[in-house]
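Here the sequence shown is numbered in numbering that gives the first Met the number 0, starting from 0 and rising by one per residue.
Every residue, glycine too, gets a C-beta built ideally from N, C-alpha and C.
Right, one structure below, let's go through it.
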Amino acid sequence: MRFGFSELGNLWGAVIHHRFSAPRGRLQGDFQVNPAGRPSCEDGRKSGNKLPHSKVPVHGFTLVELLVVIAIIGILISLLIPAVQAARESARRTTCSQNLAKIGAALQGYEDANNVYPSGTINPEGPIHNRPQGKEVSWLVQILPYLDEDVAFKHFNISAGAYDPKNAPVRALQIAGLICPSEPDAMLHGLGVSCYAACSNDVEAPINTDNHGVFFLNSKITPKDISDGLAYTLFVGEKRVTGDDLGWVSGTRATLRNTGTPLNQTTFDRAGKLPPSPRPAAAKSDLYVGGFGSAHVTGTHLLFGDGAVRYVGNDVSPRVLKQLGNRADGELMTGGPVRAAP
Numbered sequence: 000m001r002f003g004f005s006e007l008g009n010l011w012g013a014v015i016h017h018r019f020s021a022p023r024g025r026l027q028g029d030f031q032v033n034p035a036g037r038p039s040c041e042d043g044r045k046s047g048n049k050l051p052h053s054k055v056p057v058h059g060f061t062l063v064e065l066l067v068v069i070a071i072i073g074i075l076i077s078l079l080i081p082a083v084q085a086a087r088e089s090a091r092r093t094t095c096s097q098n099l100a101k102i103g104a105a106l107q108g109y110e111d112a113n114n115v116y117p118s119g120t121i122n123p124e125g126p127i128h129n130r131p132q133g134k135e136v137s138w139l140v141q142i143l144p145y146l147d148e149d150v151a152f153k154h155f156n157i158s159a160g161a162y163d164p165k166n167a168p169v170r171a172l173q174i175a176g177l178i179c180p181s182e183p184d185a186m187l188h189g190l191g192v193s194c195y196a197a198c199s200n201d202v203e204a205p206i207n208t209d210n211h212g213v214f215f216l217n218s219k220i221t222p223k224d225i226s227d228g229l230a231y232t233l234f235v236g237e238k239r240v241t242g243d244d245l246g247w248v249s250g251t252r253a254t255l256r257n258t259g260t261p262l263n264q265t266t267f268d269r270a271g272k273l274p275p276s277p278r279p280a281a282a283k284s285d286l287y288v289g290g291f292g293s294a295h296v297t298g299t300h301l302l303f304g305d306g307a308v309r310y311v312g313n314d315v316s317p318r319v320l321k322q323l324g325n326r327a328d329g330e331l332m333t334g335g336p337v338r339a340a341p
């Protein structure tokens with residue numbers, strides 16, 4: 000049986016009515032009851048009698064009534080817990096959205112100062128493997144001064160590369176603004192990680208210099224290069240932190256993803272291995288990149304070039320998602336989150 004607040008109110012009223020509507024006991028002898036329904040000591044004194052030691056029925060809750068009350072309390076708690084959990088998740092989603100908004104402002108600040116967006120990853124050659132080798136300096140390192148992390152930026156040697164021991168102290172830093180509050184494993188890796196990745200491509204392909212996104216290997220994209228429009232181009236989105244994550248300083252799949260994989264369908268186990276099925280052909284090597292996803296229940300936050308942050312459902316069309324990942328495909332965007340009312 001399902002209970003609502005109205006049914007619980009009726010049940011509680013029935014218990015109270017049963018409790019207090021029973022006939023009251025009456026004192027025996029000369030102990031009188033006045034018209035107000037209260038025992039009169041004066042009448043008892045007039046009669047010359049002492050107050051009798053009569054047994055007065057004492058009304059209390061029966062075992063059945065106590066069980067009913069306990070059941071009502073349990074039902075109320077079961078109704079309130081989901082509401083509390085939903086409120087907490089809503090707060091976490093708000094914080095996550097604010098994190099992406101700050102990243103968007105930092106990217107815009109970098110572009111204002113340099114007339115170009117930061118490279119997705121800095122490395123002498125490609126494609127990029129998901130291994131700690133080479134320089135592979137991520138776009139997040141490049142925008143540190145615009146994330147109010149100027150000191151960390153000054154302690155990082157870009158020329159030495161992401162994995163050089165000189166940069167180990169910065170690599171170990173965990174920046175609060177790079178963590179989604181809903182991600183349960185983000186703080187369990189022993190090095191600084193990011194729950195957000197930039198978009199490198201519109202298809203599942205290795206990170207290289209010929210990708211169609213805005214952030215890829217040694218990219219130097221300007222706003223004029225984004226002919227589809229900033230509002231219709233995906234810049235950054237949420238990603239899950241997995242066992243093979245190389246940290247936020249690494250310009251690998253740790254900070255770059257593509258829209259060739261549907262949202263929340265890039266699944267890895269704790270060891271960072273792909274599940275046996277389905278297994279993309281490209282995932283047989285460490286060139287696999289993967290897509291966006293989040294620990295939220297129904298969707299993923301995405302940041303667009305105009306600074307807008309949208310919560311996109313997992314059921315978004317693969318065709319629309321592919322269009323969002325391409326900066327200049329020239330195709331008409333007829334639907335999807337960017338066409339929806341804010």
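| Check | Outcome |
| --- | --- |
| I need the DSSP call for Ser276, collapsed to helix, strand or coil. | Bear in mind that a pLDDT of 42 at Ser276, under 50, signals an unreliable position, so the number given afterwards is only what the model happens to contain. Reduced to three states, the DSSP call for Ser276 is coil. |
| Looking only at its own chain, which residues have a Cβ that is under 6 Å from the Cβ of Ser293, when we skip the five neighbours before and after it? | Glu237 and Thr299 |
| Could you give the DSSP three-state label for Phe155: helix, strand or coil? | coil |
| Would you mind working out which of Lys134, Thr120, Ala105 and Arg252 sits nearest Lys219, comparing C-alpha positions? | Thr120 |
| How should Ile206 be labelled, buried or exposed, when 16 other C-beta atoms within 10 angstroms of its C-beta is the threshold for buried? | buried |
| Let me see if you follow: with CB-CB separation under 8 Å, is Leu245 close to chain C or not? | The structure shown contains no chain C; it is built from a single protein chain. |
| In the DSSP assignment, the beta strand (DSSP E) including Arg309 goes from what residue to what residue? | Val308 to Gly312 |
| Just mark Ile72 as buried or exposed, buried being the case when its beta carbon has 16 or more other beta carbons within 10 Å. | exposed |
| So, are the CB atoms of Asp305 and Asp227 less than 8 Å apart? | no |
| Is Ala339 helix, strand or coil by DSSP? | coil |
| Can you pull the DSSP bridge partners for Val235? | Ala197 and Leu302 |
| From Pro126 to Leu286, what does the alpha carbon distance come to, in whole angstroms? | 8 Å |
| Exposed or buried, what is Arg338 when buried is set at 16 or more other beta-carbons lying within 10 Å of its beta-carbon? | exposed |
| Which of helix, strand or coil does DSSP assign to Thr120? | strand |
| Is the Cβ-Cβ distance between Cys198 and Leu229 less than 8 Å? | no |
| Pick from Ala253, Val315 and Pro180: whose alpha carbon is nearest that of Arg87? | Pro180 |
| Report all residues from its chain with a CB closer than 7 Å to the CB of Ser96; omit the five preceding and five following residues, and keep chain order. | His300 and Val308 |
| Take the Cβ of Asp149 as the centre, count every other Cβ of all protein chains shown within 10 Å, and call the residue buried at 16 or more, exposed below. | exposed |
| Tell me the DSSP bridge mates of Arg256? | Cys198 |
| Can you tell me whether DSSP reads Leu139 as helix, strand or coil? | helix |
| Helix, strand or coil: how does DSSP classify Ser96 here? | helix |
| Is the beta carbon of Leu255 sitting closer than 8 Å to the one on Asn122? | no |
| Check for me: the alpha helix (DSSP H) holding Lys321 runs from which residue to which? | Pro317 to Leu323 |
| With a threshold of 16 other CB atoms inside 10 Å of the CB of Gln132, please say whether the residue is buried or exposed. | exposed |
| Quick one: grab the DSSP three-state call for Leu262. | coil |
| Answer yes or no: do Ser249 and Glu135 have a C-beta to C-beta separation smaller than 8 Å? | yes |
| Let me check one thing: in DSSP terms, what residues is Leu216 bridge-paired to? | Thr120 |
| Does Ser77 come out as helix, strand or coil in the three-state DSSP assignment? | helix |
| In whole angstroms, what is the alpha-carbon distance linking Thr241 and Val67? | 48 Å |
| How many whole angstroms separate the CB atoms of His211 and Arg326, which I take to be in contact at a CB cut-off of 8 Å? | 6 Å |
| Relative to the alpha-carbon of Ser118, which residue among Asn129, His128 and Leu106 has its alpha-carbon at the smallest distance? | Leu106 |
| Going by alpha carbons, who is nearest to Tyr195 out of Asp224, Val235 and Gln173? | Val235 |
| My output table needs one value for Ser293: the three-state DSSP class, helix, strand or coil. | coil |
| Along the chain, where does the alpha helix (DSSP H) that runs through Arg130 open and close? | Taken as a continuous stretch (DSSP letters only), Arg130 belongs to no alpha helix (DSSP H), as it is neither H nor E. |
| According to DSSP, is Ser89 helix, strand or coil? | helix |
| Determine the contact status of Phe152 and Leu143, defining contact as a CB-CB distance below 8 Å. | yes |
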